[in-house]
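Using UniProt numbering, the letters of the sequence shown map in sequence onto residues 1 to 715.
Here's the structure, in structure tokens; my notes come after.
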Amino acid sequence: MKYIFAEKPSQAKAYADAFTIEKREKTHITLKPCNTFPKGAVITWGIGHLVGLQMPGDYNKEWARWSLDHLPILPDTFRYKPKKETMAQYRAVQGLFKRAEKERATVIVATDIDREGSLIFHSTYQLIGHKAKELKRLWINSLEVDEIRKGFRQLQPIDQDLLKYEEAKTRQIADWIVGMNASQLFTLLLKQKGLNTTLSVGRVQSPTVYMVYQRQKEMENFVSKPFYELFADFTHENGAYSGKAKVKEEQKETVLKLLDEKGLSDLTDDQAVIKDVSKQLKRTPSPRLHSLSTLQTKANRIWKYSPAKVLQVMQSLYEKKIVTYPRTDCNYITENEFAYLSENVRKYQGLISVSFEPKIRKNKRYVDNAKVKEHYAIIPTQSIPSEKTLGGLSNEERNIYFEILKTTLAMFHDDYKYEETTIVTDVKTMEFFTKGRVGIEKGWRSLFSNEKMESGEKTSPQNALPQVLKGDRVSSALEVREGHTTPPKPFTEGGLIQLMKTAGKMVDDESESEILKEIEGIGTEATRSSIIETIKKNGYIEVKKNIVSVTKKGTVLCEAIEGNLLSSPSMTAKWESYLKKIGTGQGSQDFFLKNIVKFIQSTIDEAPLKINQQDIQTLVNEQKDVNYIGNCPICNSGKMVDRKTFYGCTEYKKGCSFSISKMIAGKKLTNKNIKDLLEKKVTAKIKGFKSRAGKVFEARLFIQNQKVAFQFESK
């Protein structure tokens, strides 16, 4: 019998459904013997990570209490422990691995094919300690039945997976060292300045917050400056057109002086002549196939979906077996995928009611075996959804599925073709340039006819120019126009994903920029959306109408870490570059972690002085005002401040333990509810509470015996 470990229950179910099930149980599924598994198989699963690194207090009870005197916190050996919330599943997996060891059976690693998937299995397997006869790796990119069966028939050696585990474990330990030490360090240093809030500091989240902060500072400090350009309106016997000279000056007088030198001070001239006319047939190929980040960016631009929403929708479509693996960073497919897409292109066309003669050609822009490593681009699977399946999709699922479908079909369509005309008009040796465009063939753009093209594409409106010839004379009217420089635009969530992916643009050093381009910026395709959600949850950024801005708390964090590598994408560039080497067997975990320890030690040594040198007190005071919601009604001397999940009294060290939870009986309290309790000691009637039995009820809240209690109306 073989034992299979999936990453999550839904993945395990998809595997099981590809074979004949003998028995489903709460913690595992047993398969009947078949050609692939002659003695049958058992599929069990994680629920994400079943184990995690131990907390500081697990190594040393003293470390459970935050203190600058304890830093740096550096265990001699990093140990794992089962997570309490998934202990039952851990025990079940432990029992199955014990059986596998006793039977000298093969255990198949069937988690997602990335470093986190490898970590989920191997960290659990190593902690349990029972050793199978051998380990094998399932390597698939789709949950279709045929793909699953093929994958289990062609299992891969475990060697590469073990390297990925080593890479992931190193990343996890490094993040632990940075997070546990830096979070305590900056929280406690700012507490000395009067800020009573916990700061979460991390390798990826902190530079991400800092990039938003930088953009906001650029916008706040921006001063618009005027500039002056030279335009002309021309009249030809066949029609009128406009042109622009290559002149842009900060002072209007400079432009006027130039015109005076050319004898054009009156801004009119009848002696203008067409110096050159050129026509060029141009074409624009269809967009590259989607990776997760390009899909997240586009979905945010068109529908304002958050990156987390896109990943959630993609996971749902993946589990419905109609799209391929969602967490891919690749924009290419191999010849194998191209073959099945080619065979099904007519069926895909039918799904969106379009008809065109597909071009079955392997274009390197989309099909390149050498560019595909762990996962290929996001594309439709061979499973063509029925009308019933499509009808059962949510609006978000339909939008995302059809976006993937159209982007894939565009690969088989003609290029967008247009004719571009350029006219150069000479006015007393001053050249003016005019460009016009006329569409010839829509090609792939016909698939996206209702969409506004991306700003980066050359999509200026069609402007057919009059028929003119070189040497024709035209009359002209010149105009000096004033323009103003515009501030940088704020980030959207989609723009933030793109910035994280191409963070090399934020780095000054060219070599570091190249590293970031190679490893696709900061974070990974699988983690970027969760990073954004984390920094939102931590109160560092907020999103309103799809615009991302840094909060007061985020500003305090950024001011505190300014100048430290924690604020710079270059740190992630260097870390990820070396982690990648570990994942290919060319790097050493020991060497990497020693450098992380040096980094955190230098941060601990330097941070107190840097924070004292920075003018951060005003920001701290502003943040204190944000956290403060009212006075404590029990001790009457303390203030009630935000403690993430509750409001607590600042006099807790003097014995006042009064607190108000933000969530009571499944109901999130509003600020008004909290203020009513503090000021009146009773709220208005609140609807939406839920009892342990699941019954919904309404009641007032009031303070009784220094605690918050329910007050029901007497009947």
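By construction, the Cβ of each residue, glycine as well, lies at the ideal position given by its N, Cα and C atoms.
Model, not experiment: these values are computed from the prediction.
| Query | Result |
| --- | --- |
| Here's the rule I'm using: 16 or more other beta-carbon atoms within 10 Å means buried, otherwise exposed. How should ASP276 be labelled? | exposed |
| Rounded to whole angstroms, how far is the Cβ of GLN382 from the Cβ of ASN336, which I believe are closer than 8 Å? | So it is not a contact: roughly 11 Å between Cβ atoms. |
| Looking only at its own chain, which residues have a Cβ that is under 7 Å from the Cβ of HIS375, when we skip the five neighbours before and after it? | ILE113, ASN141, TYR325, THR328 and CYS330 |
| Please indicate yes or no: does the CB of GLY648 lie closer than 8 Å to some heavy atom of the ligand FAD? | With respect to small molecules bound, the structure shown includes none, and the ligand FAD cannot be examined in it. |
| DSSP three-state call for SER342: helix, strand or coil? | helix |
| DSSP three-state call for HIS70: helix, strand or coil? | helix |
| In chain order, which continuous runs of the alpha helix (DSSP H) of length 4 or greater are located wholly inside the segment 640–698? | 671–680 |
| Please identify the residue among LYS388, ASP260 and LYS304 whose C-alpha is closest to the C-alpha of THR429. | ASP260 |
| Whose CA, out of GLU533, GLY521, PHE591 and LEU71, lies closest to the CA of MET571? | GLY521 |
| With H, G and I counted as helix, E and B as strand and the rest as coil, what does DSSP make of TYR416? | strand |
| Take PRO608 as the anchor and find which of GLN315, TRP575 and ASN564 has the nearest alpha-carbon. | ASN564 |
| Terminal residues of the continuous alpha helix (DSSP H) containing GLY495? | 493–501 |
| With a threshold of 8 Å, are at least 3 pairs of Cβ atoms found where one atom belongs to the segment 94–106 and the other to the segment 67–80? | no |
| Hey, how far is the Cα of PHE702 from the Cα of ARG24? | 48 Å |
| Apart from the five residues just before and just after GLN156, which ones in its own chain have a Cβ nearer than 8 Å to its Cβ? | LYS136, ARG137, LEU138 and TRP139 |
| Leaving out five residues on either side along the sequence, give the residues of the same chain with a beta carbon under 6 Å from the beta carbon of SER659. | PHE646 and GLY648 |
| Under a three-way DSSP split, which group does ILE384 fall into? | coil |
| Under the assumption that ALA245 contacts LEU230 (Cβ atoms under 8 Å), give the Cβ distance between them as a whole number of angstroms. | 4 Å |
| What are the start and end residues of the beta strand (DSSP E) that includes TRP139? | Segment: none, TRP139 is in no beta strand (DSSP E) and carries neither H nor E. |
| Leaving out the 5 sequence neighbours to the left and right, which residues in its chain are closer than 6 Å to ASN538 when beta-carbon positions are compared? | SER200 |
| Between the alpha carbons of GLY443 and SER118, how many angstroms are there, rounded? | 43 Å |
| Have a look at VAL204, THR198, VAL109 and GLU85 and flag the residue whose alpha-carbon is nearest the alpha-carbon of ILE531. | VAL204 |
| Out of ALA464, SER567 and THR425, state which residue places its alpha-carbon closest to the alpha-carbon of GLU419. | ALA464 |
| Which ranges does the alpha helix (DSSP H) cover as unbroken runs of at least 4 residues, wholly within the segment 125–212, from first to last along the chain? | 145–153 and 159–191 |
| Going by alpha carbons, who is nearest to PRO633 out of VAL708, ALA370 and ASP175? | VAL708 |
| Express the C-alpha separation of THR27 and GLY46 in angstroms, rounding to a whole number. | 9 Å |
| Taking only three categories from DSSP, how would you classify SER460? | In this prediction, SER460 has a pLDDT of 45, which is less than 50 and means its spatial position is unreliable; nothing more can be read from the coordinates. |
| Between VAL372 and the rest of its own chain, which residues show a CB-CB distance below 8 Å, the 5 nearest in sequence each way excluded? | CYS330, TYR332, ILE333 and THR334 |
| Identify which residue in THR485, PRO287 and LYS680 has its Cα closest to the Cα of SER224. | THR485 |
| Smallest Cα separation from ILE158: which of ILE173, LYS169 and PHE121? | PHE121 |
| From ARG643, ALA699, LEU669 and ASN450, pick the residue whose C-alpha is nearest to that of SER657; which is it? | ARG643 |
| Taking 8 Å as the limit between beta carbons, can you name the residues of its chain near LYS536, skipping five residues before and five after? | GLU542 and VAL543 |
| In chain order, what residues of the same chain have a beta carbon less than 6 Å from the beta carbon of LYS164, not counting five sequence neighbours either side? | ARG115, SER118 and GLY583 |
| Between the segment 163–181 and the segment 409–418, are three or more C-beta pairs nearer than 8 Å? | no |
| Helix, strand or coil for ILE634, going by three-state DSSP, please let me know. | coil |
| Please work out which residues of its chain come closer than 7 Å, Cβ to Cβ, to TRP63, disregarding the five sequence neighbours upstream and downstream, and give them in chain order. | PRO56, GLY57, HIS70 and ILE73 |
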